[in-house]
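Chemist: In case it helps, full-length UniProt numbering puts the sequence shown at residues 1 to 364. Have a look at the structure that comes next, please.
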Amino acid sequence: MSEIVVVGAGVLGLSTALVLSELRGVHLTVVAQHGPHDPALNLPMSNHSAYTSPWAGAHYRPAPSRDDAEYDMAMITRLTLAQFQQWAHSHPESSIQFVDGIEYFESPDAITRGLGRGYTEQIRHFRTIEHNLPPGVVFGTRYDTWVLNPPVFLRFLYHQLEARGVTFVHKKLDSLKQVNLLVEGHPLIVNCSGNGLLYHGGHDQQVFPIRGQTLLVDPPAHCRYTHETVTHQLKDGQWTFVVPRPHNGGVILGGTKQVGDLYDGIRDEDTRAICARGAVLYPELMKVDKNGKKYFDIKRVNMAFRPARTGGLRIALERKDALQGRDNDVIHNYGAGGMGYELSYGSALRVLEKVKEVVLGLKL
1 MSEIVVVGAG
11 VLGLSTALVL
21 SELRGVHLTV
31 VAQHGPHDPA
41 LNLPMSNHSA
51 YTSPWAGAHY
61 RPAPSRDDAE
71 YDMAMITRLT
81 LAQFQQWAHS
91 HPESSIQFVD
101 GIEYFESPDA
111 ITRGLGRGYT
121 EQIRHFRTIE
131 HNLPPGVVFG
141 TRYDTWVLNP
151 PVFLRFLYHQ
161 LEARGVTFVH
171 KKLDSLKQVN
181 LLVEGHPLIV
191 NCSGNGLLYH
201 GGHDQQVFPI
211 RGQTLLVDPP
221 AHCRYTHETV
231 THQLKDGQWT
241 FVVPRPHNGG
251 VILGGTKQVG
261 DLYDGIRDED
271 TRAICARGAV
281 LYPELMKVDK
291 NGKKYFDIKR
301 VNMAFRPART
311 GGLRIALERK
321 DALQGRDNDV
331 IHNYGAGGMG
341 YELSYGSALR
351 VLEKVKEVVL
361 GLKL
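And the structure:
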């Protein structure tokens, strides 16, 4: 029996483990400090900012590709999309739901207006919005897309893995090679650590954080934003979005994308700025108090670091025979930034191809 160890239990790690658990003759172990297996996590998984996956929106926004690498990522998101379409019907407990996705642009670039490649392919009911655009908006699109409730979805993946006999080890690793202290036989390592943990320790220097702060809002009754996700790009480049969280999870109002910002607390000025933009763009999300004053019923302020990478998602195989001082083959799958859920299942299928190359000797 072949031993495979997945390092990391975010949405990439859990999704990759789920795909690999379908292989015959393989014993699978997931090693991670944080994840649904961590008894220290609270129910919404909101007490560790280093564990990014529970803090996501999460929704799918297709975008036009500016080069071949971006187009490849777009095709990976389509693999996830296809699987989520299946799960939405077969596993409603996953929290995946399909809703209207709407995007408004105040100053779109030419590739967006031209519906460049990677934007519309395989997206159901994609169309441009020609009339009744909000003030200041010059271009809009509408399409069918998915949303989900991240803590619910992560536990769905975890329960699927438990049912398949996958072993979970609650441990922080300082290097990938420490896997050999936990699992005998120099197992194949699949590296889904968000920050790109390296074999001999340290982290991929191409990985960098994008600080994100959003608000979890309890919507008023019959609010339209429980059934659609809307993203509005302002002229200054700021994005303001609403994302419903199914299973009565509220609505996410966001947000910030602060590259390289390592402040791990809540910034009140960010919260005020999000509320100010939200009051203009999404007033229907506000409640009215007894004095007739509108307000956002904020249940929680979210903050986490999206683990992005220069060059984008890294999916790569490192053979132990080609590198000095290695006892394990390693397959990397990290650096998704803010696209973890969008890339999750698709990247797992790409990893599966490389696992078959190692375990079965197949070159796909």
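Quick reminder that beta carbons are idealized off the backbone N, C-alpha and C, glycines included.
1) Report all residues from its chain with a CB closer than 8 Å to the CB of Q238; omit the five preceding and five following residues, and keep chain order.
2) Taking only the alpha-carbon atoms, compute the straight-line gap between W146 and T52 and give it to the nearest angstrom.
3) Give me whichever residues DSSP pairs with E3 in a beta bridge.
4) Mapping the DSSP letters down to three states, classify V230 as helix, strand or coil.
5) Quick check on DSSP: helix, strand or coil for Q97?
6) With contact counted as at least three CB pairs below 8 Å, one residue from each stretch, are the segment 170 to 178 and the segment 216 to 233 in contact?
7) Who are the Cβ neighbours of N47 in its own chain at under 7 Å, not counting the five residues just before and after it?
8) Would G101 and H59 qualify as a contact pair, given that the criterion is a beta-carbon distance under 9 Å?
9) Compare the C-beta of V99 with all C-beta atoms of chain D and state if any pair is closer than 9 Å.
10) Can you say whether Y334 is buried or exposed, counting buried as having 16 or more other CB atoms within 10 angstroms of its CB?
11) Determine the burial state of T128: buried for a count of at least 16 other Cβ atoms within 10 Å of its Cβ, exposed for fewer.
12) Cutting at 8 Å between CB atoms, please list the residues of its own chain near A279, excluding the five before and the five after it.
13) Check for me: the alpha helix (DSSP H) holding H89 runs from which residue to which?
14) Across which residues does DSSP place A279 in a beta bridge pair?
15) Is DSSP giving D270 helix, strand or coil here?
16) Considering only C-alpha positions, which residue in the set Y345, H159, Y104 and V359 is nearest to T16?
17) Among C275, G196 and N132, which residue has its Cα nearest to the Cα of T310?
Modeler: From the atom records:
1) R277
2) 19 Å
3) H27
4) strand
5) strand
6) no
7) L41
8) yes
9) Absence of chain D from the displayed structure is noted, only one protein chain being present.
10) buried
11) exposed
12) M286, K294 and F296
13) D68 to S90
14) Answer is none; A279 lacks a bridge partner.
15) helix
16) Y345
17) G196
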